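Report on one structure; see the data block that follows.
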Amino acid sequence: MEEKHMQSVLISLLRQDKVQLWTEPFISDQQKIIELAQKYVSVTEFTLEEVISTLESIRADASRKDEGNKEFKETAVASLELHLPKIEGENKKRKGHLKAKLDITAKELKKQISEEYGLKHFNLILTGKTLSPGKRLDEQNVKNNSKIMVLVVSSEQEKSEMREEEEKKRQQDEGFQRTQKGFQLLSERDGSEDPASTPYLEIADQKGNPLQIPDSERKALIQAMGFHEKGRALMKKRNHSAALTHLLEADEQFNKCNSALLRTVDNYAVLQLDVVWCYQALQQLECLNDARQRLERAEDCFQRCYGEHQSRLQQIKGHTGGEDVLFLRLYLLQSLLAYHDGNKNQALNKLSKVEELLGQLCLDPDKMLQLMTLGFSEQEARLGLRACRGDVNEAEQLISQRKKEKKELKEREQEKRRRRLMDINTLVELGFSKREAARALHQARGDLDKAYGVLLDRAEAQGSQHGQTNLDQLLALGFQEDMANSALRIMGDDLAQATQMLLDNQGVVPPDLLSPSPPSSSSEEPSTSSDSTASARSRLDEDLVNEVLEDIPRHEEDYLDLTLDEEKELMVQIRSRLEKQSSSSG
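Okay, so the sequence shown: first residue is 1 according to full-length UniProt numbering, each after it adds one.
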């Protein structure tokens, strides 16, 4: 870690001075390297020998990288940097370099390393993950100039770890796919099902009021926020590797949304913090540049969402103390990056802000107990006290008000869903399919009369263009005209489904489908011969939906409910490193 830190500090100084070690005069004149090292010794805590050695290493790496890039461009042969195990009896770390095509498997690469360095049993680690022997390198994100750790293990340990890693990877992939499918199903629901039995997600503002956004963006946002919540659930278990996979997918889904929308909600900023938090937890120093950009995006987003000095947040919520935990994390991660960049003053400045916020956010246990004695949960008490900056009376009022507002919102939402279901059934009674009715109501923003008009216009347009054609095709198949018309009407003019219904019922539409469902019924779709398969699929879908819903927190401010234990640990580490630097330079 200290070796990487030294290199990071010197690279930062070289960038500031716009020095390129792989160019003249540094290539041919060693004295120039020594003069540069003497200059940097005066502004760092390192010795002259350490600086010279590190500068030469940076120069060699840069020259090798430049040559490797040219070779990769011309021949597709990649240059890989290997972090080799130490030689017994020596404490010095070893590096190696190997040329390889990226379309070979990790097993083939291991064979090359074994022949080159005489190693027998070892694993290959890339960004904290063990490479699977049977998979190609490019399938496992190995790229030109990738840094791979060679970790020596025993023969039995190697086999055991390979099995464990493959099983862990299989479970992780399966979990990811289940999460993806579950939130995809949720995003496709339109609220037309029975609200008592069918979960349905809506995008709401900070007050819980539903936002009117295009359907495609709503779907992307639900999946983005779903993956984010799953990632956060994994972070709480300190499974940062799996969490990062879900968070990066959330980031990809967020990027499908309108940029104007992302500028008005803090979810995107919180996601950037969570991704960088996983980077530091996994010690992925190769992601420093990406981390820097993400923190800049987070800070910009907070500025836009919360306003200058959090004025907009104060106006919306009436308090700002709870969001201080986000700024604590932001400043802490900025301090860590400044440390790795060799910017000691900035690291100290940000750390001071962290310590100041920590003093405000650490709560009096007696005040917590006082609120919990009143029947509030530990989470409610913690969030309430932080929001009101430690004032017990204000916190009690705030928590009670929140619970009241949440109850009222839930009642309004249930009533809205009930009215919507009644309106859908009304339209079904008028001869439209449930799916068509739900879509029309969504388009008309819940106005029944407008939805009816939309359906009439659509039916007229479809009837003139397709209706007669579909009817002619059914008549050509030998079905009676009245039954063909009824089947097309029930199936929303879907020729394939209408045909299947008539075939399954010997050319007759079942009598129960000819009479409309009463408003209190669930208006189920017509039965077919594939009912058992559909039912099994439906049960599986419900299992997936219920599984992902378990990771959605019940409290809307769960993302602010940090114990700050991990933050304290990291703060102590950074403070210790900075003090070590000061004592070395002193």
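Here a beta-carbon is modelled for each residue, glycine too, at the ideal position from N, C-alpha and C. The structure displayed is predicted, hence computed values, not measured ones.
Report task. For Ile27, name the three-state secondary structure that DSSP assigns. Result -> Ile27 falls in the coil class under three-state DSSP.
Query - Ile34 in three-state terms, based on DSSP - result: In this structure, Ile34 counts as helix in the three-state DSSP scheme.
**Report entry** Best match in Gln184, Gln172, Leu288 and Thr264 for proximity to Gly231 [C-alpha to C-alpha]
**Finding:** Of the listed residues, the one whose Cα sits closest to Gly231 is Gln172.
Query - Per-residue DSSP class, three states only, for Ser79 - result: DSSP places Ser79 in strand when its eight states are reduced to three.
Query raised in the report: So is Ser187 buried or exposed if we call it buried at 16+ other beta carbons inside 10 Å?
Result: Here Ser187 is buried: its Cβ has 16 or more other Cβ atoms, across all protein chains shown, within 10 Å.
Query raised in the report: Between which two residues does the beta strand (DSSP E) carrying residue 598 extend?
Result: Because the chain spans 1 through 586 in this model, residue 598 falls outside it and cannot be assessed.
Query raised in the report: Does the beta-carbon distance from Leu421 to Ala451 come in below 8 Å?
Result: No, these two residues do not count as a Cβ contact at 8 Å.
Requested in this report: Tell me whether Ala233 is buried or exposed, calling it buried when 16 or more other Cβ atoms sit within 10 Å of its Cβ.
Outcome: Per the 10 Å Cβ criterion, buried.
**Report entry** Three-state class that DSSP yields for Thr563 in the structure shown
**Finding:** In the three-state scheme derived from DSSP, where H, G and I count as helix and E and B as strand, Thr563 is classed as coil.
Query raised in the report: DSSP state of Asn123, grouped into three classes?
Result: Reduced to three states, the DSSP call for Asn123 is strand.
Query raised in the report: Skipping 5 residues on each side, what residues in its chain have a beta carbon closer than 6 Å to that of Leu502?
Result: Beyond the five residues adjoining it in sequence on each side, Leu502 comes within less than 6 Å, by CB distance, of Phe479 and Ala487 in the same chain, given in chain order.
Query raised in the report: Opposite Val150 in the DSSP bridges: which residues?
Result: Secondary-structure assignment with DSSP links Val150 through a beta bridge to Leu124.
Report task. Since I believe Lys101 is in contact with Leu82 (beta carbons under 8 Å), could you give me their beta-carbon distance rounded to a whole number of angstroms? Result -> For Leu82 against Lys101, the beta-carbon gap comes to about 16 Å, at or over 8 Å, which does not count as contact.
Query raised in the report: Nearest to Asp494 by alpha carbon, out of Lys73, Ser433 and Arg412?
Result: Nearest option by C-alpha distance: Ser433.
Query - Gly96: first and last residue of the uninterrupted beta strand (DSSP E) it sits in - result: From DSSP, the beta strand (DSSP E) with Gly96 extends over Arg94 to Lys101.
Query raised in the report: Mind checking if Gly390 is an interface residue toward chain C, Cβ cutoff 8 Å exclusive?
Result: Absence of chain C from the displayed structure is noted, only one protein chain being present.
Query raised in the report: With 16 as the cutoff for other CB atoms within 10 Å, does Glu378 come out buried or exposed?
Result: It counts as exposed.
Report task. Could you give the DSSP three-state label for Lys317: helix, strand or coil? Result -> It is helical.
Query raised in the report: Can you tell which of Glu45, Glu74, Thr44 and Leu36 has the C-alpha that lies nearest to the C-alpha of Glu56?
Result: Out of Glu45, Glu74, Thr44 and Leu36, Leu36 has the C-alpha closest to the C-alpha of Glu56.
Requested in this report: Give me the Cα-Cα distance between Gly175 and Leu126, rounded to the nearest whole angstrom.
Outcome: If I take the Cα positions, the gap works out to 22 Å.
Report task. Determine, using beta carbons only, whether Lys323 and Leu560 come nearer to each other than 8 Å. Result -> Note that residue 323 corresponds to Glu in the displayed sequence, not to Lys. Yes, Cβ-Cβ distance for Glu323 and Leu560 is below 8 Å.
Query raised in the report: By DSSP, does Thr499 sit in helix, in strand, or in coil?
Result: The answer is helix: DSSP assigns Thr499 an H, G or I state.
Query raised in the report: Which first and last residues belong to the alpha helix (DSSP H) in which Arg489 is found?
Result: According to the DSSP assignment, Arg489 belongs to the alpha helix (DSSP H) that extends over Glu481 to Ile490.
Query - Best match in Glu139, Val152 and His246 for proximity to Gln180 [C-alpha to C-alpha] - result: Checked all of Glu139, Val152 and His246; the closest Cα to Gln180 is His246.
Requested in this report: Can you tell me which of the three DSSP states Thr47 falls into?
Outcome: Residue state for Thr47 is assigned as coil, using DSSP reduced to three classes.
Report task. Would you kindly report the start and end of the unbroken alpha helix (DSSP H) that includes His240? Result -> Counting along the chain, the alpha helix (DSSP H) containing His240 begins and ends at His240 to Phe254.
Query raised in the report: Using a Cβ-Cβ cut-off of 6 Å (strictly less than) and excluding sequence neighbours within five positions of Gln253, which residues of its own chain qualify?
Result: A distance below 6 Å between beta-carbons, with the five flanking residues on each side excluded, links Gln253 to the following residues of its chain, in chain order: Ala220, Gln223 and Ala224.
Report task. Quick one: grab the DSSP three-state call for Thr179. Result -> Judged by DSSP in its simplified three-state form, Thr179 adopts helix.
**Report entry** Contacts around Leu288, its chain only, beta-carbon distance under 7 Å, and the 5 residues preceding and following it disregarded
**Finding:** Counting only Cβ-Cβ distances below 7 Å, and skipping sequence neighbours, we find Leu337 and His340.
Query - Check whether Glu229 and Asp543 have beta carbons under 8 Å apart - result: No. Outside cutoff.
Query raised in the report: How many Å lie between Glu556 and Leu48 at the Cα?
Result: One C-alpha to the other measures close to 55 Å.
Query raised in the report: For the ligand ZN, any of its heavy atoms closer than 7 Å to the Cβ of Asp341?
Result: Summarising the ligand content, the structure contains no ligands, and the ligand ZN is consequently not present.
Query raised in the report: When DSSP labels each residue in this structure, what does Arg312 get in the three-state scheme?
Result: Note: Arg312 maps to helix in three-state DSSP.
Requested in this report: Pick out whichever of Lys143, Arg419, Gln443 and Asp251 has its Cα sitting closest to the Cα of Asp215.
Outcome: Of the candidates Lys143, Arg419, Gln443 and Asp251, the one whose C-alpha sits nearest the C-alpha of Asp215 is Gln443.
Report task. Tell whether a beta-carbon distance below 8 Å holds between Gly321 and Leu363. Result -> For Gly321 and Leu363, no; Cβs fall outside 8 Å.
Report task. Have a look at the DSSP bridge pairing and note the partners of Thr373. Result -> Paired residues: none, contrary to the question.
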